[in-house]
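All remarks here apply to the structure that follows.
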Amino acid sequence: MATKRMTSGFSDQVMSLVKHLRTDAPDCVASGVVDMATGMLLSYETVENHPPEVLDLLAGATLDLFQGRTVVMIEDVFKERRGIASDAHFFQEILVNSENLTHLFVRLSEQQDIVAVVVCRKSVNVGMLFAQVRRVIREYNL
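Here the sequence shown is numbered in this note's numbering, starting from 1 and rising by one per residue.
Given below as structure tokens:
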């Protein structure tokens, strides 16, 4: 059975998702999609030039945030304590504030190893950021 990632239109959908995140998220300066299974940044769009080294590290950093050794251990402890026998991940959205920017990482509901990344100015209304990003991702249903 072919997964969505293996279908011919998947890359077009990813590029379109990135474009819509970039235009619809408030105060957005960059957006992208990371495949944690392959460790690749599938697509990105930004208003500024970033050093290639930073973009190369984004996929690895995303993997560490969601599936780093300690994060997986925390999820396993919660599953054990709650009696849950599932491979599903608890952490679905992660918000990171740097000195000047706000970074939102969101797992796609249909494909848990795909993460949308949105970077906005720190002055962004965080509630609106979550609302807009969730809306756009829901529309794509990847």
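Here a beta-carbon is modelled for each residue, glycine too, at the ideal position from N, C-alpha and C. All values derive from a computational prediction rather than experimental measurement.
For the segment 23 to 107, list the alpha helix (DSSP H) runs that are entirely contained and at least 4 residues long, ordered along the chain. 52 to 67, 69 to 82
Check: If we ignore side chains and look at the alpha-carbon of each, how far apart do Leu144 and Gln67 end up?
Finding: The question about residue 144 has no answer here: the residues shown for the chain are numbered 1 through 142.
Between Glu48 and Ala37, what straight-line distance do the alpha-carbon atoms span, to the nearest angstrom? In the sequence shown, residue 48 corresponds to position 48, counting from 1. In the sequence shown, residue 37 corresponds to position 37, counting from 1. Looking at the two C-alpha atoms, the distance is approximately 27 Å.
Once the 5 residues before and after Leu101 are set aside, which same chain residues still bring their CB inside 8 Å of it?
The residue you call residue 101 lines up with position 101 of the sequence shown. The residues are Val29, Val119, Cys120, Arg121, Lys122.
Exercise. Have a look at Val72 and Ile114 and give me their C-alpha separation to the nearest angstrom.
Key: One-based indexing of the sequence shown puts residue 72 at position 72. One-based indexing of the sequence shown puts residue 114 at position 114. Spanning the two alpha carbons is a distance of roughly 17 Å.
| field | Whole-number beta carbon distance between Val117 and His143, since they are thought to touch under 8 Å | value | What is shown of the chain runs 1 to 142, which leaves residue 143 out entirely.
What does DSSP give as the partner residues of Ala116 in its beta bridges?
Taking the sequence shown and counting its residues from 1, one reaches residue 116 at position 116. Note: Ala116 sits in a beta bridge opposite Val33, Val106.
Review point. Is the beta carbon of Glu45 sitting closer than 7 Å to the one on Arg22?
Key: Here residue 45 is taken as the residue at index 45 of the sequence shown, counted from 1. Here residue 22 is taken as the residue at index 22 of the sequence shown, counted from 1. Against a cut-off of 7 Å, the Cβ pair of Arg22 and Glu45 comes out as a contact.
With a 10 Å radius around its C-beta and 16 neighbouring C-beta atoms as the bar for buried, classify His20 as buried or exposed.
Stepping through the sequence shown from its first residue, residue 20 is reached at position 20. His20 comes out buried.
task: Please state if the CB of Ala59 and the CB of Gly39 are separated by a distance shorter than 7 Å.
output: Along the sequence shown, read from residue 1 onward, the residue named residue 39 stands at position 39. Along the sequence shown, read from residue 1 onward, the residue named residue 59 stands at position 59. Closer than 7 Å, so yes.
message = Let me check one thing: in DSSP terms, what residues is Arg121 bridge-paired to?
response = Along the sequence shown, one-based indexing puts residue 121 at 121. Arg121 is bridged to Leu101.
Worksheet item: When burial is assigned at 16 or more other CB atoms within 10 Å of the CB, is Glu75 buried or exposed?
Response: The residue labelled residue 75 in the question sits at position 75 within the sequence shown. The residue in question, Glu75, is buried, as its Cβ has 16 or more Cβ neighbours within 10 Å.
Please state the DSSP three-state secondary structure of Leu142.
Walking along the sequence shown from the start, residue 142 turns up at place 142. Coil at Leu142, not helix or strand.
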